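This report refers to the structure that appears directly beneath it.
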Amino acid sequence: MDGPARARVMFVGEAPGADEDRLGVPFVGRAGQLLTDIITKGMGLERSAVAIANVLKCRPPSNRDPSRWEKELCTPWLERQIELVAPEVLIPLGRHASGHLLTSDASMGAMRGRVHELGGRRVVPTFHPAYLLRSPSRKRECWQDIQRAMAELERGEEEP
2 MDGPARARVM FVGEAPGADE DRLGVPFVGR AGQLLTDIIT KGMGLERSAV AIANVLKCRP
62 PSNRDPSRWE KELCTPWLER QIELVAPEVL IPLGRHASGH LLTSDASMGA MRGRVHELGG
122 RRVVPTFHPA YLLRSPSRKR ECWQDIQRAM AELERGEEEP
């Protein structure tokens, strides 16, 4: 995990890539640079102000999709990270992280575009930065998701 012990926003990715596995820090490659841009330019926050974790804590062989068993094995660690960070808004990145947090097999298109609830926290799924690098036409939808997450943060500030 990367970021402060407590944060209002927590991003959750799928699993470490090769660079992340080697360095022990999530989102450090090209996808990590795009995520940093989303945080700093899209949200107006410093990367150091948000928490960033992955569902899986180690890289699957050959960068394959994580298995259900691997996700279940790592779930207690992710749940504990979420509990400790206590974010107001969770932003799962991509189909695997979103589906895992929301316990859904729905498509990314069906999960994103709205706010979900998980244990009293708001969940705003969006596309994984690696997907956005391959499909830049989806960046506008990601921008909309990030604006939705920011609106949820602002709404939280207004509540007593």
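Residue numbers (our numbering): 2 to 161.
Every residue, glycine too, gets a C-beta built ideally from N, C-alpha and C.
Please read all numbers here as calculations on a predicted model, not as lab measurements.
Indicate the three-state DSSP secondary structure (helix, strand or coil) for residue i in the structure shown.
i       : result
Asp-106 : coil
Leu-91  : strand
Leu-79  : helix
Glu-118 : strand
Val-124 : strand
Lys-58  : coil
Arg-69  : helix
Glu-158 : helix
Met-112 : helix
Pro-27  : coil
Gly-18  : coil
Ser-99  : helix
Ser-136 : coil
Glu-142 : helix
For residue i, which residues does DSSP report across the bridge?
i      : result
Ile-53 : Asp-3, Phe-12
Thr-37 : DSSP output for Thr-37 lists no bridge partner at all.
Suppose you measure from the CA of residue i to the CA of residue j; what does that come to, to the nearest Å?
i       : j       : result
Lys-42  : Leu-36  : 10 Å
Pro-17  : Pro-5   : 19 Å
Val-125 : Gly-25  : 26 Å
Arg-139 : Leu-133 : 6 Å
Ser-68  : Ser-99  : 15 Å
Cys-143 : Thr-127 : 6 Å
Glu-158 : Ser-63  : 43 Å
Gly-110 : Asp-146 : 12 Å
Ile-53  : Met-2   : 6 Å
Glu-71  : Arg-60  : 10 Å
Met-11  : Arg-135 : 24 Å
Arg-149 : Leu-46  : 15 Å
Is the beta carbon of residue j closer than 8 Å to that of residue i?
i       : j       : result
Glu-15  : His-129 : yes
Glu-153 : Val-90  : yes
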